[in-house]
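*Asks:*
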Amino acid sequence: NMSRSDLAKQTCTVARAVETVGDPWTLMILREMFLGGRRFDDIQRQIGIAPHTLSSRLKRLESVGVVRREAYSDRPVRYEYRLTEMGRDLWPAIIALKNWGDKWFDGHLERPIEIIHKSCGHAIQPGMACPECGEPMGAHDARPAISPGYKQEREKARNR
61 NMSRSDLAKQ
71 TCTVARAVET
81 VGDPWTLMIL
91 REMFLGGRRF
101 DDIQRQIGIA
111 PHTLSSRLKR
121 LESVGVVRRE
131 AYSDRPVRYE
141 YRLTEMGRDL
151 WPAIIALKNW
161 GDKWFDGHLE
171 RPIEIIHKSC
181 GHAIQPGMAC
191 PECGEPMGAH
201 DARPAISPGY
211 KQEREKARNR
C-alpha cells in the first residue's frame with residue numbers, strides 16, 4: 061500500500077504533480093488566484109476555507125515555488141500571494157477541471173464563469189491543441205511513448 065508521501069518519490073510526473081497540488085483546497089486556492097484573488101482574507105472569504113488550512117496550503121505552495129509572497133503593507137505587515145511562472149503553468153489544469161465541471165456538474169444553461177480571451181474579446185472554452193499542427197486534441201488523439209532521454213537515463217542507471 062502506497063502512502064501519499066510515496067507519490068512524490070515516483071518517477072511518474074503525474075504522481076508528483078498530484079502530490080504537490082492535488083488536494084481539493086489547494087485546487088480551490090489556485091482557482092481563486094487565477095480569478096484574481098491575491099490577499100489572504102479575500103481568498104479565505106471566497107472559498108470558505110478555515111484560516112489555518114489556507115495558511116498551511118499557501119505555505120506549502122510557496123515552499124514548492126508555485127506562489128510567492130509580496131508585502132503590500134508595512135504596518136501591520138500584510139502579504140498578498142502571486143502565482144510564479146510555475147504556478148501560472150497550472151492554468152491549463154485548472155481550465156480543464158473547469159471545462160469538465162461545466163459539462164458534467166453545472167445544472168444551469170449558461171456556464172457560471174466565462175473565460176474571455178483578452179486580445180479578441182471573445183468568450184471561449186479553452187482546449188488542447190497540438191502545438192505542431194494546431195489540430196484540436198482529445199484523449200484518443202494521443203499515445204504515450206517513453207522519451208529517448210529517459211530511456212538513456214535508465215540504461216545508464218542500470219549499468220552503474
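For reference, each letter of the sequence shown is one residue, going 61 to 220 in the working numbering.
By construction, the Cβ of each residue, glycine as well, lies at the ideal position given by its N, Cα and C atoms.
From the DSSP output, in three-state form, read off P84 for me.
*Replies:* Numbered from 1 along the sequence shown, position 24 holds the residue referred to as residue 84. Of the three classes helix, strand and coil, the one that applies to P84 here is helix, per DSSP.
*Asks:* In angstroms, rounded to a whole number, what distance separates the CA positions of G147 and V126?
*Replies:* Indexing the sequence shown from 1 puts residue 147 at position 87. Indexing the sequence shown from 1 puts residue 126 at position 66. Spanning the two alpha carbons is a distance of roughly 4 Å.
*Asks:* Using a 10 Å radius around the Cβ and a threshold of 16 neighbouring Cβ atoms, would you call G108 buried or exposed?
*Replies:* Reading the sequence shown from its first residue, position 48 is the one you call residue 108. It is exposed - the Cβ of G108 has fewer than 16 other Cβ atoms within 10 Å.
*Asks:* Contact between the stretch 111 to 130 and the stretch 163 to 182 is defined here as three or more beta-carbon pairs at a separation below 8 Å; is this criterion met?
*Replies:* No contact exists between the stretch 111 to 130 and the stretch 163 to 182.
*Asks:* Within this structure, are the beta carbons of I154 and P186 separated by less than 7 Å?
*Replies:* Against the sequence shown, residue 154 aligns to sequence position 94. Against the sequence shown, residue 186 aligns to sequence position 126. Result no, Cβ atoms of I154 and P186 do not sit closer than 7 Å.
*Asks:* Roughly how many angstroms separate the alpha carbons of L157 and F94, rounded to a whole number?
*Replies:* Locating residue 157 in the sequence shown gives position 97, where the first residue counts as 1. Locating residue 94 in the sequence shown gives position 34, where the first residue counts as 1. If I take the Cα positions, the gap works out to 13 Å.
*Asks:* Cα separation between F100 and L90?
*Replies:* Taking the first residue of the sequence shown as 1, we reach residue 100 at position 40. Taking the first residue of the sequence shown as 1, we reach residue 90 at position 30. Rounded to the nearest angstrom, the two C-alpha atoms are 13 Å apart.
*Asks:* R105: which of E92, M188 and G209 sits nearest, CA to CA?
*Replies:* The residue you call residue 105 lines up with position 45 of the sequence shown. Among E92, M188 and G209, the Cα nearest to that of R105 is on E92.
*Asks:* Could you spell out where the alpha helix (DSSP H) holding S179 opens and where it closes?
*Replies:* Here residue 179 is taken as the residue at index 119 of the sequence shown, counted from 1. Per DSSP, S179 belongs to no alpha helix (DSSP H) and is neither H nor E.
*Asks:* Is the distance from the Cβ of A183 to the Cβ of E195 below 7 Å?
*Replies:* Reading the sequence shown from its first residue, position 123 is the one you call residue 183. Reading the sequence shown from its first residue, position 135 is the one you call residue 195. Not a contact, by the Cβ cut-off of 7 Å.
*Asks:* Alpha carbon to alpha carbon, how far is V124 from T144?
*Replies:* The sequence position of residue 124 within the sequence shown is 64, counting from 1. The sequence position of residue 144 within the sequence shown is 84, counting from 1. Roughly 10 Å separates the two Cα atoms.
*Asks:* Which one or two residues does DSSP pair with Y141 in a beta bridge?
*Replies:* Position 81 of the sequence shown holds residue 141. BP columns for Y141 point to R129.
*Asks:* Would you say R129 lies against chain E (beta-carbon separation less than 7 Å)?
*Replies:* Within the model displayed, chain E is absent; a lone protein chain is all it includes.
*Asks:* For A189, which residues in the same chain have their Cβ closer than 8 Å to its Cβ, ignoring the five residues on either side in sequence?
*Replies:* Position 129 of the sequence shown, counted from the first residue, corresponds to residue 189. Cβ within range, chain order: E195, P196 and M197.
*Asks:* Thinking C-beta only, is R117 closer than 7 Å to T86?
*Replies:* For this step, residue 86 is matched to residue 26 along the sequence shown. For this step, residue 117 is matched to residue 57 along the sequence shown. Yes.
*Asks:* Could you compute how far the alpha carbon of K216 sits from the alpha carbon of P84?
*Replies:* Sequence index remark: in the sequence shown, residue 216 carries index 156 (1-based). Sequence index remark: in the sequence shown, residue 84 carries index 24 (1-based). Rounded to the nearest angstrom, the two C-alpha atoms are 39 Å apart.
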